[in-house]
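*Asks:* Going line by line, the protein sequences match chains G and U. Using my numbering, read the first sequence as starting at 1 and increasing by one per residue. Using my numbering, read the second sequence as starting at 1 and increasing by one per residue. All C-beta atoms, glycine included, are put in the ideal place defined by N, C-alpha and C. Next up is a structure, given as structure tokens.
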Amino acid sequence: MLQETEQSDRLWVDKALHGDQAAFGELVRAHQNAVYNLAYRMLGERGEAEDAAQETFLRAYAHLDRYDAERPFRTWLLSIASNHCIDRLRKRRLTWLSLDEPLPPNAALNSHEVEPEDAVILNERGALIQDMLTELPPDYRAAVVLRYWYDLSYLEIAQTLDTTESAVKSRLFRARQALADKMTGTRGNAALHFAWEGMR
Amino acid sequence: MTIMMNNKYSRPEAQRDMNLALDNELGETARASFEEHLRDSAQDSALWERMQRVDHLLHSEGVLEAPPDMAANIMTLVAKVPAPGLRRASREQPSRTPIEMLLTTAVMLIIALPALLFIHHLLADPAALNTLVQQIGSVLDSGAKAIDSALRGIANFNWANIILALSLVVSGLLTVLTWGWMVRAVSLRRQQVVYRIPVEMA
Numbered sequence: 001m002l003q004e005t006e007q008s009d010r011l012w013v014d015k016a017l018h019g020d021q022a023a024f025g026e027l028v029r030a031h032q033n034a035v036y037n038l039a040y041r042m043l044g045e046r047g048e049a050e051d052a053a054q055e056t057f058l059r060a061y062a063h064l065d066r067y068d069a070e071r072p073f074r075t076w077l078l079s080i081a082s083n084h085c086i087d088r089l090r091k092r093r094l095t096w097l098s099l100d101e102p103l104p105p106n107a108a109l110n111s112h113e114v115e116p117e118d119a120v121i122l123n124e125r126g127a128l129i130q131d132m133l134t135e136l137p138p139d140y141r142a143a144v145v146l147r148y149w150y151d152l153s154y155l156e157i158a159q160t161l162d163t164t165e166s167a168v169k170s171r172l173f174r175a176r177q178a179l180a181d182k183m184t185g186t187r188g189n190a191a192l193h194f195a196w197e198g199m200r
Numbered sequence: 001m002t003i004m005m006n007n008k009y010s011r012p013e014a015q016r017d018m019n020l021a022l023d024n025e026l027g028e029t030a031r032a033s034f035e036e037h038l039r040d041s042a043q044d045s046a047l048w049e050r051m052q053r054v055d056h057l058l059h060s061e062g063v064l065e066a067p068p069d070m071a072a073n074i075m076t077l078v079a080k081v082p083a084p085g086l087r088r089a090s091r092e093q094p095s096r097t098p099i100e101m102l103l104t105t106a107v108m109l110i111i112a113l114p115a116l117l118f119i120h121h122l123l124a125d126p127a128a129l130n131t132l133v134q135q136i137g138s139v140l141d142s143g144a145k146a147i148d149s150a151l152r153g154i155a156n157f158n159w160a161n162i163i164l165a166l167s168l169v170v171s172g173l174l175t176v177l178t179w180g181w182m183v184r185a186v187s188l189r190r191q192q193v194v195y196r197i198p199v200e201m202a
């Protein structure tokens with residue numbers, strides 16, 4: 001199934017490279033959920049996630065001739081998306097610093113409050129997971145998202161984030177430990193415990 | 001300390017194995033000694049319990065669906081961007097440079113060859129060389145006389161000479177400007193495609 005998807009991706013890429021925009025449209029439709037989900041998990045805000053996803057596809061289209069057909073198209077797309085989101089998070093942080101305002105606790109890069117629209121769509125557990133993710137540094141967050149939502153191997157995560165396998169292992173462990181420590185904290189602990197019990 | 005010595009496990013090793021165990025990357029033997037270590041270490045056992053919770057929690061969350069109009073919005077934006085194939089073709093232009101260079105060399109040879117033959121003929125015939133030197137001297141003399149005459153004309157407020165000198169200067173400037181504009185136009189045309197591509201690389 002995965003190989004079939006990769007084959008059709010390559011076919012569409014080839015057509016898009018020959019000027020067929022409809023073929024690129026097929027690629028967008030096939031991967032829009034994956035890219036949007038990654039952007040949302042990274043940025044924590046729906047509007048910004050949509051912007052980032054659009055930017056990802058535009059960049060992919062602009063650089064389609066640099067795509068290495070030996071790699072899965074989805075991994076290449078996720079690489080563009082995750083690097084773009086990391087850049088956005090760093091710029092966001094720089095903007096805050098330049099305003100000379102104190103950073104929120106734990107250097108969180110986003111508000112902990114869930115937008116009303118999000119609250120309707122996301123369930124409580126989903127919101128809590130997002131809340132926990134926003135407390136991780138961008139590089140750690142990217143490793144966690146790629147591991148849990150896309151089931152990428154250490155090597156694939158390393159290639160996607162342009163780093164080493166050992167760095168990925170280290171980031172994953174530190175991220176998991178940070179999240180585990182947060183679970184023992186007071187904020188949201190009861191709800192997380194409820195979520196954990198609900199899964200059992 | 002005793003526990004660590006019994007199990008031959010250090011804390012960083014235990015943490016590394018926790019990570020590998022969560023990702024199903026831990027072999028059976030390593031898994032057995034890791035579990036043995038957990039039975040002995042209450043601290044790591046508690047951490048392992050918490051990390052498993054995190055792992056289950058993260059695995060439980062599915063992929064979000066993109067907004068329904070996102071694909072259409074993307075395609076509207078994509079329609080404004082030149083097709084990647086066209087840009088690739090324009091970037092492939094430098095590969096034609098060797099052909100251009102060959103043509104230039106051929107043209108240069110066509111011009112240079114008669115010139116070389118002419119020089120060779122002059123060097124072989126001293127009389128012809130002498131004539132050429134005399135002709136060059138004559139041209140230079142004529143030039144000097146012309147400049148002298150122009151200066152005298154200027155000194156005598158000869159408007160005809162001044163207008164002639166000015167027209168020469170203006171035509172020279174126009175020639176230089178025309179060439180400059182042509183070179184710039186060609187260079188911009190080549191760079192135009194490159195500037196349209198977003199500079200940032202994914």
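#1: Residues in the segment 159–183 of chain G with C-beta within 8 Å of chain U's C-beta atoms, listed in sequence order?
#2: Got a sec? Which residues, its chain only, sit under 6 Å from G:A204 by beta carbon, not counting five neighbours each side?
#3: So, is U:P84 buried or exposed, given that buried needs 16 or more other C-beta atoms within 10 angstroms?
#4: To the nearest angstrom, report how far apart G:Q3 and G:D9 are at their CA atoms.
#5: Measuring alpha carbon to alpha carbon, tell me which residue in U:Q43, U:E65, U:A14 and U:V176 is nearest U:A32.
#6: Is there a Cβ of chain U sitting closer than 9 Å to that of G:L11, yes or no?
#7: Does the CB of G:F194 have a neighbour CB from chain U at under 9 Å?
#8: Which same chain residues end up closer than 6 Å to U:Q135 when comparing Cβ atoms and leaving out the 5 residues on each side of it in sequence?
#9: Distance cutoff 9 Å, beta carbons only. Does G:A108 sit that close to anything in chain U?
#10: Along the alpha helix (DSSP H) that carries G:K169, what are the first and last residues, could you check?
#11: So, G:L43 versus G:A60, is the Cβ gap smaller than 9 Å?
#12: Give a yes or no on whether 9 Å exceeds the smallest Cβ distance from U:R11 to chain G.
#13: Pop quiz: G:V28 and U:A71 are said to be a contact at Cβ under 8 Å. What is the actual Cβ separation, rounded to whole angstroms?
#14: Between G:R171, G:E26 and G:D131, which has its C-alpha nearest G:R147's C-alpha?
#15: Would you give the residue range spanned by the alpha helix (DSSP H) that U:K145 belongs to?
#16: If you draw a straight line from the C-alpha of G:N110 to the C-alpha of G:T134, how long is it?
#17: Just the chain G side, please: which residues come within less than 7 Å of U:N24 by C-beta, in chain order?
#18: Distance, Cα to Cα, G:R66 vs G:E48?
#19: Inspect the beta-carbon positions of U:L47 and G:Q177 and report whether they are closer than 9 Å.
#20: What is the residue span of the alpha helix (DSSP H) that U:V81 lies within?
#21: Let me know the secondary structure DSSP gives U:N24 once reduced to three states.
#22: Please report the Cβ distance between G:A81 and G:A52, rounded to the nearest whole angstrom; I am assuming they are in contact, meaning their Cβ atoms lie under 8 Å.
#23: Check G:E48 in the structure and name its three-state DSSP category.
#24: Between the C-alpha atoms of U:W179 and U:T105, what's the straight-line distance to the nearest angstrom?
#25: Say whether the segment 159–171 of chain G touches the segment 34–41 of chain U, bearing in mind that this needs 3 or more beta-carbon pairs closer than 8 Å, one atom from each stretch.
#26: With 9 Å as the threshold, decide whether the Cβ of U:L173 is near any Cβ in chain G.
*Replies:* Looking at the coordinates:
#1: Against chain U - using a Cβ distance shorter than 8 Å - the residues of the segment 159–183 of chain G are K169, L172, F173, R176, Q177, L179, A180, D181 and M183.
#2: For residue 204 of chain G there is no data in the structure shown, the boundaries of chain G being 1 and 200.
#3: By the 10 Å Cβ count, U:P84 comes out buried.
#4: Straight through space, the alpha carbons of G:D9 and G:Q3 are spaced by roughly 10 Å.
#5: Closest by alpha carbon: U:A14.
#6: At least 9 Å separates the CB of G:L11 from every CB of chain U.
#7: With a pLDDT of only 47 at G:F194, under the threshold of 50, the placement of this residue in the model should not be trusted; the figure read from the coordinates follows. No, its Cβ sits nowhere closer than 9 Å to a Cβ of chain U.
#8: Here the set comprises nothing.
#9: In this prediction, G:A108 has a pLDDT of 36, which is less than 50 and means its spatial position is unreliable; nothing more can be read from the coordinates.
#10: For G:K169, the enclosing alpha helix (DSSP H) starts and ends at E165 to T184.
#11: Contact flag unset, no.
#12: Chain G, which has no Cβ nearer than 9 Å to the Cβ of U:R11, makes this no.
#13: About 5 Å separates the two Cβ atoms, so the contact holds.
#14: Across the set G:R171, G:E26 and G:D131, the C-alpha of G:R171 shows the shortest separation from the C-alpha of G:R147.
#15: Note, U:K145: alpha helix (DSSP H), P126 to A155.
#16: Bear in mind that a pLDDT of 43 at G:N110, under 50, signals an unreliable position, so the number given afterwards is only what the model happens to contain. Using only the alpha carbons, I get a separation of about 6 Å.
#17: Think of a sphere of 7 Å around the beta carbon of U:N24: no beta carbon from chain G falls inside it, the nearest being about 11 Å out.
#18: Their Cα atoms are separated by approximately 26 Å.
#19: Note that the C-beta distance between U:L47 and G:Q177 is below 9 Å.
#20: Unbroken run through U:V81: none, as it is neither H nor E.
#21: DSSP places U:N24 in the coil class of the three-state scheme, outside both helix and strand.
#22: G:A81 to G:A52, Cβ: 7 Å. Contact.
#23: Three-state DSSP puts G:E48 in a helix.
#24: Their Cα atoms are separated by approximately 21 Å.
#25: Flag = no, the segment 159–171 of chain G and the segment 34–41 of chain U do not touch.
#26: No, U:L173 lies away from the interface with chain G (no Cβ there is under 9 Å from its Cβ).
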